[in-house]
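**Q** Before I ask anything, here is the structure I am working with.
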Amino acid sequence: MSMIGDLPPLQWLSTFRAVMEAGSFAGAAKLLNLTPSAISHQMRALEGMLGRRLFLRVKRSVVPTEEALTYSASIGESFARLVTATSRVASGAGVRRLPIHASPSFATLWLVPRLGQFMREHPAIEIALYASHEPARLGEDGILVDIQYARPVPESCEAVPLAEELITPLASADFIAEHRLSTPADITRVPLIHSLRCVVPWDQWSARHAPLVPLNPRGLQFDRAHLALAVAADGLGLALESTLQAHDHLRRGTLVMPFGPLGISAIAHRLLYRREDRTNPDIVAFVDWITRMLAHEHLRTSANVL
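Heads up: the sequence shown is residues 52 to 357, going by the numbering used here.
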């Protein structure tokens with residue numbers, strides 16, 4: 052017999068709990084909107100199944116036995132868990148969870164500040180966000196969407212390019228004024244901030260835009276774009292980073308492009324999902340939202356609104 056088959060019917064157990072609470076069959080009958088005879092019948096059936104006497108019938112009242120008291124205490128905990136579980140499921144009805152993995156800097160600098168808008172547009176989708184440099188194993192660790200930075204695309208996945216990014220020098224307005232930065236040749240006399248994972252390193256940028264200018268060997272190094280941008284905003288050097296990652300810094304004015312939009316374009320961020328999940332409505336909704344948001348911000352940047 053299965054474990055479920057070994058259990059008394061839930062109705063009998065509910066009736067038993069009602070009798071223990073009310074102290075009589077008549078009281079339990081009122082609680083459950085049943086007749087006292089129906090209560091008595093269920094309790095005799097429960098006693099028969101358990102092979103134990105649960106109540107002593109004394110005139111018009113019942114007295115629980117020691118077995119009944121022990122049994123009530125034991126199943127009371129189970130009933131409490133059942134009520135809690137039922138409440139959780141009921142309160143979460145209609146809410147769907149979408150597990151997303153993203154590179155740490157993209158999650159910190161772009162995605163998290165905009166999640167509120169996605170939640171307002173899609174209140175039935177609950178985002179579970181995970182961030183690390185290592186790519187997610189889609190389908191193996193529960194992740195359905197992976198936003199990767201400069202990674203090869205597995206054959207089993209669909210890849211959506213998120214935006215064309217401009218990799219360009221960035222610094223605080225005070226730093227630019229203090230070091231009188233106006234042309235690319237000026238980078239030779241200022242400390243540089245190196246983003247070690249940036250798809251365009253300083254030597255590649257200088258080879259295109261300042262080929263005869265030696266790079267200053269001094270400077271800080273970071274393996275996170277958000278850290279490089281943070282120290283640049285604090286005036287500790289000149290960073291080379293993506294306008295996508297630096298969008299909010301540029302909008303707030305905490306970072307400025309000292310040479311204008313003089314950079315190298317790249318498409319480094321891609322959104323991945325398994326081909327078999329291409330019709331998942333939550334993934335479709337998220338892809339539509341994020342591409343729409345990025346396209347809108349790209350138009351604003353191109354129009355020099357920042």
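Idealized CB from N, CA, C, for every residue including glycine.
Every value quoted in this text rests on a predicted model; they were computed, and no experiment measured them.
Rounded to whole angstroms, what is the Cα-Cα separation between residue 192 and residue 335?
**A** For the purposes of this step, residue 192 is identified with residue 141 of the sequence shown, where counting begins at 1. For the purposes of this step, residue 335 is identified with residue 284 of the sequence shown, where counting begins at 1. Cα to Cα, residue 192 sits roughly 20 Å from residue 335.
**Q** Determine which residues share a DSSP beta bridge with residue 113 and list them.
**A** In the sequence shown, residue 113 corresponds to position 62, counting from 1. Note: residue 113 sits in a beta bridge opposite 108.
**Q** Closer than 8 Å by C-beta to residue 266: which residues in its own chain qualify, once you throw out the five before and the five after it? Chain order, please.
**A** As a working mapping, residue 266 is identified with position 215 in the sequence shown. 238, 239, 243, 253, 254, 257.
**Q** Quick one: Cα of residue 53 to Cα of residue 84, how far?
**A** In the sequence shown, the residue the question calls residue 53 occupies position 2. In the sequence shown, the residue the question calls residue 84 occupies position 33. Note on residue 53: pLDDT 47, under 50, position unreliable in the model; no value is reported.
**Q** Could you have a look at residue 347 and say whether DSSP puts it in helix, strand or coil?
**A** The residue given as residue 347 occupies position 296 in the sequence shown. In the structure shown, residue 347 sits in a helix (DSSP, three-state: H, G or I).
**Q** From the DSSP output, which residues share a beta bridge with residue 246?
**A** Translated into the one-based positions of the sequence shown, residue 246 becomes position 195. In DSSP, residue 246 forms a bridge with 273.
**Q** Span of the alpha helix (DSSP H) holding residue 90?
**A** One-based indexing of the sequence shown puts residue 90 at position 39. Element bounds for residue 90: 87 to 101.
**Q** Helix, strand or coil for residue 306, going by three-state DSSP, please let me know.
**A** What you label residue 306 is simply residue 255 of the sequence shown in a count that begins at 1. Three-state DSSP puts residue 306 in coil, outside helix and strand.
**Q** Spatial neighbours of residue 313 within its chain, please: CB distance less than 8 Å, with the 5 preceding and 5 following residues excluded, ordered by chain position.
**A** As a working note, residue 313 is residue 262 in the sequence shown. Closer than 8 Å at Cβ, skipping near neighbours: 219, 220, 235, 260.
**Q** Please report how far the alpha carbon of residue 246 lies from the alpha carbon of residue 325, in whole angstroms.
**A** In the sequence shown, counting from the first residue as 1, residue 246 sits at position 195. In the sequence shown, counting from the first residue as 1, residue 325 sits at position 274. Looking at the two C-alpha atoms, the distance is approximately 30 Å.
**Q** Rounded to whole angstroms, what's the CA-CA distance from residue 208 to residue 328? Just pull it up for me.
**A** Position 157 of the sequence shown holds residue 208. Position 277 of the sequence shown holds residue 328. Their Cα atoms are separated by approximately 9 Å.
**Q** Which same chain residues end up closer than 7 Å to residue 59 when comparing Cβ atoms and leaving out the 5 residues on each side of it in sequence?
**A** On the sequence shown, residue 59 is found 8 positions in, with the first residue counted as 1. So the list reads 97, 100, once near-sequence residues are dropped.
**Q** So, for residue 318: in the same chain, excluding its five sequence neighbours on each side, which residues have a beta-carbon less than 6 Å away from its beta-carbon?
**A** Taking the first residue of the sequence shown as 1, we reach residue 318 at position 267. Closer than 6 Å at the Cβ level, and outside the excluded window around residue 318, lie 212, 215.
**Q** Can you list, in chain order, the residues of its chain whose CB lies under 8 Å from that of residue 149, leaving out five sequence neighbours each side?
**A** Position 98 of the sequence shown holds residue 149. Correct list, in chain order: 176, 177, 178, 179, 195, 196, 333, 334, 337.
**Q** Sorted by chain position, which residues of the same chain lie with C-beta nearer than 8 Å to residue 116's C-beta, five sequence neighbours on each side aside?
**A** Sequence index remark: in the sequence shown, residue 116 carries index 65 (1-based). Excluding sequence neighbours, residue 116 sits near 103, 104, 105, 106, 107.
**Q** For residue 295 versus residue 210, is the C-beta distance shorter than 9 Å?
**A** The residue given as residue 295 occupies position 244 in the sequence shown. The residue given as residue 210 occupies position 159 in the sequence shown. Their beta carbons are not under 9 Å apart, which means residue 295 does not touch residue 210 by this criterion.
**Q** Give the range of the alpha helix (DSSP H) segment to which residue 229 is assigned.
**A** Here residue 229 refers to the residue found at position 178 of the sequence shown. From DSSP, the alpha helix (DSSP H) with residue 229 extends over 224 to 230.
**Q** Determine, using beta carbons only, whether residue 122 comes closer than 9 Å to chain B.
**A** Structure shown: chain B not included; a single protein chain is present.
**Q** On the CB-based measure, 16 or more other CB atoms within 10 Å of its CB, does residue 172 come out buried or exposed?
**A** Looking up residue 172 in the sequence shown gives position 121. That one is exposed.
**Q** Quick one: Cα of residue 281 to Cα of residue 303, how far?
**A** Position 230 of the sequence shown holds residue 281. Position 252 of the sequence shown holds residue 303. Taking the straight line from one Cα to the other gives about 13 Å.
**Q** Go ahead and label residue 120 buried or exposed: buried means 16 or more other beta carbons lie within 10 angstroms of its beta carbon, across all protein chains shown.
**A** Within the sequence shown, residue 120 is the residue found at index 69, counting from 1. Exposed, since its Cβ has fewer than 16 Cβ neighbours within 10 Å.
**Q** Using alpha carbons as the reference points, say which of 287, 155, 186, 200 lies closest to residue 391.
**A** Within the shown structure, residues of the chain are numbered from 52 to 357, placing residue 391 beyond reach of any answer.
**Q** Excluding five sequence neighbours on each side, which residues of the same chain lie with their C-beta closer than 7 Å to the C-beta of residue 187?
**A** Locating residue 187 in the sequence shown gives position 136, where the first residue counts as 1. So the qualifying residues of the chain are 152, 194, 197.
**Q** Is the Cβ-Cβ distance between residue 27 and residue 223 less than 9 Å?
**A** With the chain covering 52 to 357 only, the question about residue 27 has no answer from this structure.
**Q** Distance, Cα to Cα, residue 279 vs residue 125?
**A** As a first step, residue 279 is located in the sequence shown; it is residue number 228 there, counting from the start. As a first step, residue 125 is located in the sequence shown; it is residue number 74 there, counting from the start. Going from the Cα of residue 279 to the Cα of residue 125 covers about 58 Å.
**Q** Determine the extent of the alpha helix (DSSP H) in which residue 255 is found, giving its start and end residues.
**A** Reading the sequence shown from its first residue, position 204 is the one you call residue 255. Residue 255 -> alpha helix (DSSP H) spans 253 to 260.
**Q** Whole angstroms are fine: how far does the CA of residue 205 sit from the CA of residue 226?
**A** In the sequence shown, the residue the question calls residue 226 occupies position 175. In the sequence shown, the residue the question calls residue 205 occupies position 154. Each residue's Cα considered, the two are about 42 Å apart.
**Q** Just verifying my parser: in three-state terms, what is the DSSP assignment at residue 53?
**A** Numbered from 1 along the sequence shown, position 2 holds the residue referred to as residue 53. Reliability of the predicted coordinates at residue 53 is poor, the pLDDT of 47 falling under 50, and no value is obtained from them.
**Q** Residue 70: buried (16+ other C-beta within 10 angstroms of its C-beta) or exposed?
**A** Working through the sequence shown from its first residue, we reach residue 70 at position 19. So residue 70 ends up on the buried side.
**Q** To the nearest angstrom, report how far apart residue 90 and residue 122 are at their CA atoms.
**A** By 1-based counting over the sequence shown, the position of residue 90 is 39. By 1-based counting over the sequence shown, the position of residue 122 is 71. Distance between the alpha carbons of residue 90 and residue 122 is about 18 Å.
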